[in-house]
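Notes to accompany the following structure.
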Amino acid sequence: MPNGLSKATLLPFSFLEDWLSDDVMQAIANENNLAETAFVRPSGEGWGLRWFTPVHEVDFCDHATLAAAHVLTTEYKGQGEMAFATRVGALRVSRREGAYQLDLPCFPPQPVEDELNSALEAILPQRPAASFRNFENLFVELADETTVRSFVPDLLRIGRFHPLGLVITAPGRAHDFVSRYFVPGAGIPEDPVTGSIHATLVPYWAEKLGKTHVSAFQCSQRGGHLLCELAGDRVPITGRAKTFMKAEIYLPD
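Residue numbers (this note's numbering): 2 to 254.
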């Protein structure tokens, strides 16, 4: 072992007895260069959970929560419902027929300020059918799935919305709706699959479609299918996870 270094195992998250310093967790996330790196530690009868992009810590992330639950289940023999204490409150994850169901808070769509609407229209291929926002993202509805899939993002101009990200969405062909998500200001040009944006997309599309169970597809290059529900002030989302890598890193002593 090199002098001044200690070994830690990450399975794209670190199971900690206590938090590392913010600077070290941020450096690890920057080195991983993934959309989010999740850090987990025991907290009471559940777990504390924090998420870092390559640039900064974020308030809300769903797919890294699913990954954390998956690793706790498969590598640490976790059973039953898992509770995670986060900046947006308690997130709960349970196994459902070989998949994971995440119980997220609902963040209903809010109006967008006029100046942001003007800036959005300037970077879109067409006038949006609707625009709305939550505490961390801007959302625009486009005409159809083809427009969403063919959209070429101007990442420099989208980055000027930072700390807000941009979600584009439309009715789907094989699914109730589709989406894509861009957060270049956080070091994420396009996120492959993003559960947290569905805490706002689901109430929006549920009202628009007149149904509480919806099928969503995030049509990034990798893509991802999410089964979602609007249940009062909660949004249960079901998805699958698979371990693809185990690695060791070396931390400052």
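Cβ atoms here follow ideal geometry from the backbone N, Cα and C, with glycine treated the same way.
Contact test: residue i Cβ vs the ligand MN heavy atom, cutoff 8 Å
i: A69; result: Absent from the structure shown: the ligand MN. Ligands present: none.
Burial state of residue i (16 or more Cβ within 10 Å)
i: L210; result: exposed
i: Q111; result: exposed
i: F1; result: With the chain represented from 2 up to 254, any question about residue 1 goes unanswered, as that position is not in the structure.
i: H163; result: exposed
i: G245; result: One detail in the question is off: residue 245 reads as Phe in this sequence, not Gly. So F245 ends up on the exposed side.
i: D1; result: As shown, the chain starts at 2 and ends at 254. That puts residue 1 outside it, with no answer to give.
i: Y101; result: buried
i: S197; result: buried
i: P1; result: In the structure as shown, the chain begins at 2 and stops at 254. Residue 1 is therefore absent and cannot be evaluated.
i: R134; result: buried
i: T66; result: buried
i: Q80; result: exposed
i: A248; result: exposed
i: G137; result: First, the residue type needs correcting, since residue 137 is Glu and not Gly in the sequence shown. The residue is buried, with at least 16 neighbouring Cβ atoms inside 10 Å.
i: G240; result: buried
Residue span of the alpha helix (DSSP H) that contains residue i, given as start and end
i: A100; result: Note, A100: premise wrong, no alpha helix (DSSP H); beta strand (DSSP E) at 100-106.
i: V179; result: Run containing V179: none in the alpha helix (DSSP H); it sits in the beta strand (DSSP E), 178-183.
i: E191; result: Element bounds for E191: n/a, residue is neither H nor E.
Start-to-end residues for the beta strand (DSSP E) that takes in residue i
i: I250; result: 248-253
i: I198; result: Taken as a continuous stretch (DSSP letters only), I198 belongs to no beta strand (DSSP E), as it is neither H nor E.
i: V1; result: Only positions 2 to 254 of the chain appear in the structure, and residue 1 is not among them; the question remains open.
i: A84; result: 83-87
Euclidean distance between Cα positions of residue i and residue j
i: T213; j: V41; result: 32 Å
i: L273; j: D254; result: Because residue 273 is not part of the residues shown, which for the chain are 2 to 254, the question remains open.
i: S44; j: G225; result: 31 Å
i: E230; j: A28; result: 36 Å
i: T147; j: P106; result: 30 Å
i: V149; j: T170; result: 7 Å
i: V215; j: D177; result: 6 Å
i: G173; j: N34; result: 31 Å
i: L227; j: E142; result: 18 Å
i: D115; j: A232; result: 31 Å
i: W206; j: D24; result: 39 Å
i: N4; j: Q127; result: Because the pLDDT at N4 is just 31, under 50, the model does not fix this residue reliably, and the point stays unresolved.
i: A68; j: L103; result: 11 Å
i: T87; j: S132; result: 28 Å
i: S221; j: E191; result: 7 Å
i: L1; j: L139; result: This structure does not reach residue 1, given that the chain is present from 2 up to 254, and the question cannot be answered.
i: P109; j: R93; result: 19 Å
i: F61; j: W20; result: 18 Å
In chain order, each beta strand (DSSP E) run of at least 3 residues that lies wholly inside the segment 110-174: 131-134, 138-142, 166-172
Could I get the ranges of all uninterrupted alpha helix (DSSP H) runs contained in the segment 12-56, with 4 residues as the minimum, in chain order? 23-33
Cβ contact check for the segment 183-191 and the segment 165-173: 3 or more pairs under 8 Å: yes
Can you check the segment 198-243 for any alpha helix (DSSP H) of at least 4 residues that lies completely inside it and give the ranges in chain order? 199-210
Contact between the segment 29-40 and the segment 52-62: three or more CB pairs below 8 Å? yes
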